[in-house]
Amino acid sequence: MAPAGEKDILHLRRAIALSWEAKRRGRHPFAAVLVGPDGAVLMEQQNAFPEEGGTGHAERVLATRAEQRFGARFLHGCTLVSSAEPCAMCAGAAYWAGIGRVVYALSERRLKALIGPHPENLTLDLPCRTVFAAGQRPVEVVGPLLEEEAEAPHIGAWATE
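In case it helps, the working numbering puts the sequence shown at residues 36 to 196.
Okay, structure coming up:
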């Protein structure tokens with residue numbers, strides 16, 4: 036698998052567009068896309084919070100759906116493209132599902148600096164690379180990319196009373 040290319044950027048922009056849509060629907064502005072080995076989009080997922088509670092992150096929900104539909108062997112050749120860096124939970128879900136590559140836009144560190152200690156997203160400053168490095172099989176990680184574009188839907192989304 037190669038580093039970020041033109042198709043990765045196109046898929047990132049789709050994930051960012053979906054994060055805008057999630058925001059318009061009153062959800063947290065996160066989204067993910069599953070891309071197959073041939074570069075075709077296999078699944079899309081917006082953040083599922085508040086419907087699924089705090090574990091309804093787009094990447095976690097997508098990883099669960101993908102494993103149920105495709106299985107780990109196939110997913111090893113797939114890429115999870117995310118509008119933001121997968122948190123520790125989402126990185127773990129991608130790992131356990133068998134996904135072989137992750138491409139993300141907004142870094143977890145930058146997200147944490149942007150939203151602060153918001154009670155609905157107490158962001159961990161734990162890079163997904165660190166989570167994957169603790170595993171027993173490799174997961175390629177590319178990112179952060181397009182951070183300004185990915186940050187935009189978060190502006191004003193995390194206001195507290």
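By construction, the Cβ of each residue, glycine as well, lies at the ideal position given by its N, Cα and C atoms.
Chain-order list of residues whose beta-carbon lies under 6 angstroms from that of residue i (same chain, five-residue window excluded)
i, result
"Gln-80", "Ala-67, Ala-93, Val-96, Leu-97"
"Ile-44", "none"
"Lys-147", "Thr-158, Asp-160"
"Ala-128", "Arg-95, Ala-98"
"Ser-142", "Glu-120, Pro-179"
Spatially closest choice to residue i from the options, by CA coordinates
i, options, result
"Thr-114", "Arg-100, Gly-71, Asn-156, Glu-120", "Gly-71"
"Leu-133", "Phe-109, Ala-57, Met-78", "Leu is not the amino acid found at residue 133; the sequence shown has Gly there. The shortest C-alpha separation from Gly-133 is found at Phe-109."
"Ile-150", "Arg-164, Pro-188, Met-124, Ala-128", "Pro-188"
"Gln-103", "Arg-164, Met-78, Gly-170, Cys-163", "Met-78"
"Ala-83", "Ser-54, Ile-190, Gln-171, Thr-165", "Ser-54"
"Arg-49", "Val-76, Phe-105, Arg-164, Ala-39", "Val-76"
"Phe-105", "Leu-69, Ala-123, Ser-118", "Leu-69"
"Cys-163", "Ser-118, Met-124, Gln-171", "Met-124"
"Thr-35", "Ala-39, Cys-122, Gly-61", "The requested residue 35 does not occur in the structure, where the chain is confined to residues 36 to 196."
Proximal residues to residue i (C-beta, below 8 angstroms), its chain only, five neighbours per side dropped
i, result
"Arg-145", "Pro-179, Glu-182, Glu-186"
"Glu-56", "Ala-66, Gln-81"
Buried/exposed call for residue i, threshold 16 Cβ in 10 Å
i, result
"Pro-173", "exposed"
"Glu-196", "Because Glu-196 carries a pLDDT of 47, less than 50, the predicted location of this residue cannot be relied on, and the following value inherits that uncertainty. Exposed."
"Ala-101", "buried"
"Arg-59", "exposed"
"Ala-194", "exposed"
"Ile-51", "buried"
"Ala-126", "buried"
"Gly-89", "exposed"
"Pro-152", "exposed"
"Glu-86", "exposed"
"Pro-154", "exposed"
Same chain only: Cβ atoms within 7 angstroms of residue i, ignoring 5 sequence neighbours per side
i, result
"Phe-167", "Ala-126, Tyr-130, Val-174, Val-176"
Contact belief for residue i with residue j at Cβ below 8 angstroms, rounded distance in angstroms
i, j, result
"Ala-192", "His-63", "7 angstroms"
"Lys-42", "Gly-91", "Not a contact, Cβ separation roughly 28 angstroms."
Query raised in the report: When the Cβ atoms of the stretch 174-181 are set against those of the stretch 112-132, are three or more pairs found closer than 8 angstroms?
Result: Contact between the stretch 174-181 and the stretch 112-132 is established, with three or more Cβ pairs separated by less than 8 angstroms.
**Report entry** Stretch pair the stretch 128-137 + the stretch 148-158: three plus CB contacts closer than 8 angstroms
**Finding:** Contact between the stretch 128-137 and the stretch 148-158 is absent, because fewer than three Cβ pairs lie under 8 angstroms.
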